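> I'd like to ask some things about the structure below.
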Amino acid sequence: MTSNQTTSVTRRLAIGACLGLTLAWPSFAQVAPLKIGALLSMSGPAAVFGIPERDAITVALEDLNSQGGVNGRPVQVIFYDDRTDAAEAGRGVNQLVSRDQVVAIIGAGTGGNVLAAGPIAMRLKVPLLAPVGTIAATDKKNAFLPWVFRVAPSDAVNIRTILTDAAKDGNKRIGVFYQEDAYGKTGVDVAEQLAQSLGIQVVGSAPAPYTATDLTAQAIKLREANAQAIFMQVSVASLGAGFVKAARQVGLNVPIYGSSGLAQKSFVDGVGAGAEGLRVLSIGNLVYDPSPGEKKLSDLLRAAGKVPQGWGELVGTNGLVAAIAAAKSIKGEITGQSMRDAMENLCGLEAYARGKGCWTKDDHDGWREDALVFTEIANGRLRTRK
Amino acid sequence: MLLFTEYVIRGLFLGAMYGLLALPMSLAFVTVGTIDFAVGAYALLAAAIGATVGGTLGAVLGLAGALAASLVMAAVFVLLKRAGHHDTIMIALSSFGLAVAIGSIVLASWGSTAFVRQGLDAVWTVGGIRINPQGPINLAVGLALLAGLTALLFGTGLGRMLRASAVNAQGAELAGIPVVAVQALIFAAGGLLGGIAGLLILYSSGLDFTAGLSLTLSGFAASIVFGVSNPARGFLGGLAIGVAEALSAGYGSGAMTALIPQFVVLLTLGLGMLGAGRYTGYRP
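Quick note, the sequences are listed as chains A and B, same order.
For what it's worth, the working numbering labels the leading residue of the first sequence as 1125, then goes sequentially.
For what it's worth, the working numbering labels the leading residue of the second sequence as 486, then goes sequentially.
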């Protein structure tokens, strides 16, 4: 074949390819995408969860769009960093709705930010799909409750599950170590509320700020309270790992339970050999013992060059899957109002995480105990307890 | 009484970390008249590198990273001086900006994972109190660095130049001391000291990308509680704050523990005690 012939064939192939693309493209790509906002804490203290949430939403979006998006219409996610700041979360809702015209928002990144963003979402008539456990986010007293749908198990469910397990093993005197914020304080408050019904007693509690550099004093305090088991309501991996090390150091050798916030790779890596047998409640077990759905998400993340971190990816994608499912169920125009109405009728929803999401007019907590698994640290891994 | 003693000992080990962070701050204040707010960020950077690489090489590279970051601050200091900006608040604000930038770089490069390394597993029982060797090691390193720094300041020619530059920069310049270059060295020393603190925290409790500014604040509180006029007071201040925090966590509700450094800063500044010695002609 001469060089002229080669050029001619190449040219024909190129023209053919262009024609093919032109004919095939309008069916998906030229349809205006459905816009969904993702208001996540991608910087600041809660970036620990916000970054995995963002990464997972990004890879899952590609996967879900490849399956046809919303009835053939592609979905576009517009990210906004709330910087773990309540005021910024409010601004984020405004911008995502007013400028980007999203019809639903996955977020905000923390419980406090959901409480700040809720009234604005209500005013702008766009539902928030909140990947948070904070109980107050779906408190029935909130005027904006109709616009907030939780896409993670609530802290009340998590704490009850942990304390029930501790009580079942005969641990009646519970000490609580918690991080100094709303998430941590909720752990103590709910534990005290549940104590009587579970036949246990909260004998001591010890808080610490996120950045504490020594936690032996807190461990001594709980040791002196004669706690039979420790419940850590902590989501900051370094804080949790630091407390476990301190507990072993001061001779606090009792069972330790970690809240679902600690089901992170960096906690397991950081806590080291002294943590064998430590029990951590987990939203799924994405990193170490994934279910088929979690395995699929894990593979998508790894294919994109990301290392799965824990539950952040699961609750983030719960929000995306819920938003797409709600949009698919809408017959007419997809708006914030119709998305909200559709969310209240969504039930039996399967995402990458375990369990099924179900919301009703009276219950906006989507995922429950079936999303949770008890894990134990063994050989530097979170092994799912059978 | 045994319990009280145990809290005090734990507090001393904790305070050694604060004292270590206070050393470069006191040093910068007595010699340059400003505060390097990036000290906590140097500690964070050293810990991040140390956690990633691990072992002795990790420690060496961590210190090199912290030193490199502090050299950026030293360069900013020199540039500001050469541009005729002698206002010390401008230098302090620049260091604050550098601290934020280092925090962002750590987040962007390492993500949000915690930096924790396993230290020594052994436990000593002394008088009924269980002690992990890491605590005494931290205290010993802090005391050794304090001794070295004091010897440098008061027993060497370089120390004399540093003190002369602090007391009378113009006079020192006329006497042939390269004041700006000598003072720039202080920022580099801050990087090394901050880096050492970061590595010790890495093997003690661990930290994450948010730790930089809070470590700076703890070090700053320690450096001013007994007067910012000399590094020994800064180290002592660190020990005092550590003991106060441990006693508060043990006997109090615990909610006040995190507020102690901030409370010390407010009280000291409110009573006008910051740097009183230096401005009345005190010679460090």
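No residue lacks a Cβ here, since even glycine has one placed at the ideal position from N, Cα and C.
Note that the structure is a prediction, hence the values are computed from the model and not measured.
Please tell me whether Pro1169 (chain A) has its Cβ less than 7 Å away from any Cβ of chain B.
Start at 1 with the first residue of the first sequence, and residue 1169 (chain A) comes out as number 45. At a cut-off of 7 Å between beta-carbon atoms, Pro1169 (chain A) makes contact with chain B.
> In three-state DSSP terms, what is Ala599 (chain B)?
By 1-based counting over the second sequence, the position of residue 599 (chain B) is 114. Three-state DSSP puts Ala599 (chain B) in coil, outside helix and strand.
> Answer yes or no: do Gly680 (chain B) and Leu506 (chain B) have a C-beta to C-beta separation smaller than 7 Å?
Residue mapping note: residue 680 (chain B) aligns to position 195 of the second sequence, counting from 1. Residue mapping note: residue 506 (chain B) aligns to position 21 of the second sequence, counting from 1. Against a cut-off of 7 Å, the Cβ pair of Leu506 (chain B) and Gly680 (chain B) comes out as no contact.
> Along the chain, where does the alpha helix (DSSP H) that runs through Met741 (chain B) open and close?
Translated into the one-based positions of the second sequence, residue 741 (chain B) becomes position 256. From DSSP, Met741 (chain B) is part of no alpha helix (DSSP H); its letter is neither H nor E.
> Could you check whether the Cβ of Val1326 (chain A) sits closer than 6 Å to any heavy atom belonging to the ligand COA?
This structure simply doesn't include the ligand COA, nor any ligand for that matter.
> Does the region 698-718 of chain B come into contact with the region 1367-1378 of chain A, if we say contact requires no fewer than three beta-carbon pairs (one atom in each stretch) closer than 8 Å?
no
> Would you mind telling me which residues of chain B sit closer than 7 Å to Tyr1307 (chain A), beta carbon to beta carbon, in chain order?
Within the first sequence, residue 1307 (chain A) is the residue found at index 183, counting from 1. Neighbours of Tyr1307 (chain A) on chain B: none; closest Cβ ~15 Å, over 7 Å.
> Would Ser1165 (chain A) pass as a contact of Thr1234 (chain A) if the rule is Cβ separation under 7 Å?
The sequence position of residue 1165 (chain A) within the first sequence is 41, counting from 1. The sequence position of residue 1234 (chain A) within the first sequence is 110, counting from 1. Yes, they are a contact pair.
> For Met502 (chain B), return the contacting residues in chain A, with the cut-off set at a CB-CB distance below 9 Å.
Against the second sequence, residue 502 (chain B) aligns to sequence position 17. What Met502 (chain B) touches in chain A: Thr1337, Asp1338.
> Between the Cα of Ala536 (chain B) and those of B:Gly518, B:Phe489, B:Val557, B:Val591, spot the shortest distance and give me the residue it belongs to.
Start at 1 with the first residue of the second sequence, and residue 536 (chain B) comes out as number 51. Nearest of B:Gly518, B:Phe489, B:Val557, B:Val591 to Ala536 (chain B), Cα basis: B:Val591.
> Pick from A:Leu1496, A:Asp1489, A:Ala1156: whose alpha carbon is nearest that of Cys1471 (chain A)?
On the first sequence, residue 1471 (chain A) is found 347 positions in, with the first residue counted as 1. Of the listed residues, the one whose Cα sits closest to Cys1471 (chain A) is A:Asp1489.
> With a threshold of 7 Å between beta carbons, is Tyr688 (chain B) in contact with chain A?
For the purposes of this step, residue 688 (chain B) is identified with residue 203 of the second sequence, where counting begins at 1. Tyr688 (chain B) does not count as touching chain A.
> Please list the segments of the alpha helix (DSSP H) lying wholly inside the region 1286-1355 of chain A, counting only runs of 4 or more residues, in order along the chain.
Here the runs fully enclosed are 1306-1322, 1340-1348.
> Give the interface partners of Arg615 (chain B) over in chain A, defined as CB-CB distance under 8 Å, in chain order.
Reading the second sequence from its first residue, position 130 is the one you call residue 615 (chain B). Chain A residues near Arg615 (chain B): Gln1373, Val1374, Gly1375.
> Met486 (chain B): buried (16+ other C-beta within 10 angstroms of its C-beta) or exposed?
As a working note, residue 486 (chain B) is residue 1 in the second sequence. Met486 (chain B) comes out exposed.
> List in chain order: all unbroken alpha helix (DSSP H) runs of 4+ residues lying wholly within the region 649-704 of chain B.
654-659, 664-689, all fully within the region 649-704 of chain B.
> How long is the line joining the alpha carbons of Thr1310 (chain A) and Val1250 (chain A), rounded to whole angstroms?
Within the first sequence, residue 1310 (chain A) is the residue found at index 186, counting from 1. Within the first sequence, residue 1250 (chain A) is the residue found at index 126, counting from 1. Rounded to whole angstroms, the gap between the alpha carbons of Thr1310 (chain A) and Val1250 (chain A) is 28 Å.
> Going by C-alpha distance, which of A:Tyr1476, A:Ala1210, A:Pro1270, A:Asn1218 is nearest Ser1415 (chain A)?
Along the first sequence, one-based indexing puts residue 1415 (chain A) at 291. Of the listed residues, the one whose Cα sits closest to Ser1415 (chain A) is A:Tyr1476.
> Which value, in whole angstroms, describes the spacing of the CA atoms of Leu1424 (chain A) and Ile520 (chain B)?
The residue labelled residue 1424 (chain A) in the question sits at position 300 within the first sequence. The residue labelled residue 520 (chain B) in the question sits at position 35 within the second sequence. The straight-line gap from Cα to Cα measures roughly 47 Å.
> Under 9 Å between beta-carbons, which chain A residues line up against Asp693 (chain B)? List them in chain order, please.
Stepping through the second sequence from its first residue, residue 693 (chain B) is reached at position 208. Pro1169, Val1172, Tyr1334, Thr1335, Val1360, Ala1361, Ser1362, Leu1363, Ser1390, listed in chain order.
> Taking its Cβ as the centre, do 16 or more other Cβ atoms sit within 10 Å of Ile1501 (chain A), making it buried, or is it exposed?
Within the first sequence, numbered from 1, the residue matching residue 1501 (chain A) stands at position 377. Looking at its Cβ environment, which holds 16 or more other Cβ atoms inside 10 Å, Ile1501 (chain A) is buried.
> Which word fits Gln1317 (chain A), buried or exposed, when buried means at least 16 other C-beta atoms lie within 10 angstroms of its C-beta?
By 1-based counting over the first sequence, the position of residue 1317 (chain A) is 193. Counting C-beta atoms within 10 angstroms of its own C-beta, Gln1317 (chain A) has fewer than 16 neighbours from the protein chains shown and is therefore classed as exposed.
> Any chance you could list the alpha helix (DSSP H) runs of at least 4 consecutive residues sitting entirely within the region 1206-1259 of chain A, in chain order?
1210-1222, 1235-1248
> Give me the Cα-Cα distance between Gly755 (chain B) and Leu647 (chain B), rounded to the nearest whole angstrom.
Along the second sequence, read from residue 1 onward, the residue named residue 755 (chain B) stands at position 270. Along the second sequence, read from residue 1 onward, the residue named residue 647 (chain B) stands at position 162. Taking the straight line from one Cα to the other gives about 29 Å.
> Can you give, in chain order, each stretch of the alpha helix (DSSP H) that sits fully within the region 1358-1443 of chain A and has at least 4 residues?
1361-1373, 1389-1395, 1416-1427
> What is the DSSP secondary structure of Leu529 (chain B), reduced to helix, strand or coil?
On the second sequence, residue 529 (chain B) is found 44 positions in, with the first residue counted as 1. Here Leu529 (chain B) sits in helix by DSSP.
> Spell out whether any CB of chain B is found under 7 Å from the CB atom of Lys1292 (chain A).
As a first step, residue 1292 (chain A) must be located in the first sequence, where it is residue number 168. With 7 Å as the cut-off, Lys1292 (chain A) does not count as an interface residue toward chain B.
> Helix, strand or coil for Leu1163 (chain A), going by three-state DSSP, please let me know.
By 1-based counting over the first sequence, the position of residue 1163 (chain A) is 39. Residue state, collapsed to three classes: strand.
> Counting only beta-carbon separations shorter than 7 Å, does Tyr527 (chain B) have a partner in chain A?
Residue 527 (chain B) sits at position 42 when you count from the first residue of the second sequence. Not one chain A Cβ lies under 7 Å of Tyr527 (chain B).
> Please confirm if the region 1183-1199 of chain A is in contact with the region 1435-1453 of chain A, defined as three or more CB-CB distances below 8 Å between the two stretches.
yes
> Which residues bound the beta strand (DSSP E) around Ile1458 (chain A)?
Against the first sequence, residue 1458 (chain A) aligns to sequence position 334. It is not in any beta strand (DSSP E) - Ile1458 (chain A) carries neither H nor E in the DSSP assignment.
> What residues from the region 592-605 of chain B come within 9 Å of chain A, judged by C-beta to C-beta, listed N to C?
Leu592, Gly596, Ser597, Thr598, Ala599, Phe600, Val601, Arg602, Gln603, Gly604
> Check whether the Cβ atoms of Ala1210 (chain A) and Ala1240 (chain A) lie closer than 7 Å to each other.
For the purposes of this step, residue 1210 (chain A) is identified with residue 86 of the first sequence, where counting begins at 1. For the purposes of this step, residue 1240 (chain A) is identified with residue 116 of the first sequence, where counting begins at 1. The answer is yes: Cβ separation under 7 Å.
> Counting only C-beta atoms, is Lys1345 (chain A) closer than 7 Å to chain B at any point?
Residue 1345 (chain A) sits at position 221 when you count from the first residue of the first sequence. The beta-carbon of Lys1345 (chain A) is placed less than 7 Å from the nearest beta-carbon of chain B.
> Tell me which same chain residues have a C-beta within less than 7 Å of the C-beta of Asn1503 (chain A), skipping the five on either side of it?
For the purposes of this step, residue 1503 (chain A) is taken as the residue at position 379 of the first sequence. The answer is none, since no qualifying residue turns up.
> Taking Cβ to Cβ, would you say Arg495 (chain B) is nearer than 7 Å to Ala1341 (chain A)?
Numbered from 1 along the second sequence, position 10 holds the residue referred to as residue 495 (chain B). Numbered from 1 along the first sequence, position 217 holds the residue referred to as residue 1341 (chain A). Remark: C-beta atoms of Arg495 (chain B) and Ala1341 (chain A) approach each other more closely than 7 Å.
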